[in-house]
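Trainee:
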Amino acid sequence: MFLRHYCVHLVGPDPSTGFPSFPADARAARGFNGDLDRHLERWRQEFTAGGRPTAELGVRAARKTLLAAAGLVSVHDETWTTDRMRASQRWSEIEPHLAVPLALLQSWADGKQTPSPGELEGVLGPDGVVARVVARFASTIGLWNDAP
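Now the structure itself:
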């Protein structure tokens with residue numbers, strides 16, 4: 070799986086051409102991002118304490134959440150992706166009500182926009198996009214504290 074999905078072939082015959090395709094595996098997705106709920110709690114604490122600049126905290130939350138969305142897309146579409154932008158767009162097709170907040174996270178992750186404290190508070194809130202991705206990840210893939 071690693072060679073096919075994460076290594077870039079540079080010269081000569083591509084050794085991965087003969088490899089079988091590997092559908093996405095929920096266990097691998099859980100391994101990468103099954104801790105999203107723990108991160109959300111930490112981000113909320115850091116936001117409340119004011120211990121980290123809003124822009125930095127927003128980018129961290131955006132990048133991790135979008136990577137978890139990529140895991141959701143991978144399992145849903147049965148193919149691997151770690152492309153945050155494509156995953157954000159694809160998950161917006163699957164769950165259209167998340168299109169606007171996922172686009173906001175993408176703009177933070179890309180550095181095109183800086184989160185305001187109010188925006189970050191909303192994103193990290195109980196009904197925010199991060200909590201919604203956590204809930205969907207938990208029900209579809211599972212979290213680290215869940216049995217495999």
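Following my numbering, the numbering of the sequence shown begins with 70 at its first residue and continues without gaps.
Glycine included, C-beta positions come from ideal geometry on N, C-alpha and C.
Nothing here was measured: the structure is a model prediction, and the numbers come from that model.
Classify Phe206 as buried or exposed, calling it buried when 16 or more other Cβ atoms lie within 10 Å of its own Cβ.
Mentor: Answer is buried; the Cβ neighbour count reaches 16.
Trainee: Using C-beta distances below 7 Å, list every residue in its chain close to Arg121, excluding the 5 sequence neighbours before and after it, in chain order.
Mentor: Excluding residues within five positions, the ones whose Cβ falls inside 7 Å are Glu115.
Trainee: Run through DSSP, which three-state label would Ala93 get?
Mentor: If DSSP states are grouped into helix, strand and coil, Ala93 belongs with coil.
Trainee: Going by CA-CA distance only, name the one from Ser143, Val142, Ala138 that's closest to Val198.
Mentor: Answer by Cα proximity: Ala138.
Trainee: For Arg159, collect the residues of the same chain with a Cβ closer than 6 Å to its Cβ; drop the 5 residues on either side in sequence, then sort them by chain order.
Mentor: Closer than 6 Å at Cβ, skipping near neighbours: Val142.
Trainee: Quick check on this structure: which residue in Asp83, Ala118, Leu105 has the alpha carbon closest to the alpha carbon of Arg129?
Mentor: That would be Leu105, whose Cα lies nearest to the Cα of Arg129.
Trainee: Would you say Leu189 and Gly100 are within 8 Å of each other, going by their C-beta atoms?
Mentor: No, they are not a contact pair.
Trainee: On the CB-based measure, 16 or more other CB atoms within 10 Å of its CB, does Asn214 come out buried or exposed?
Mentor: By the 10 Å Cβ count, Asn214 comes out exposed.
Trainee: Taking the runs of the alpha helix (DSSP H) that are 4 residues or longer, which of them lie wholly in the stretch 141 to 211?
Mentor: Taking only runs of at least 4 residues, the alpha helix (DSSP H) segments lying wholly in the stretch 141 to 211 are 153 to 163, 168 to 178, 186 to 193, 198 to 209.
Trainee: Can you tell me the Cβ-Cβ gap for Leu167 and Ser161, rounded? I've got them flagged as a contact below 8 Å.
Mentor: The pair is a contact, with the Cβ atoms about 6 Å apart (cut-off 8 Å).
Trainee: Let me check understanding here. Comparing Cα to Cα, which of Met154, Gly103, Trp149 lies closest to Ala204?
Mentor: Of the candidates Met154, Gly103, Trp149, the one whose C-alpha sits nearest the C-alpha of Ala204 is Gly103.
Trainee: From Arg107 to Asp196, what does the alpha carbon distance come to, in whole angstroms?
Mentor: Roughly 16 Å separates the two Cα atoms.
Trainee: Write down the C-beta distance between Arg113 and Leu173 rounded to the nearest angstrom, noting that I regard them as a contact closer than 8 Å.
Mentor: Actually they do not touch by this definition, with Cβ atoms about 18 Å apart.
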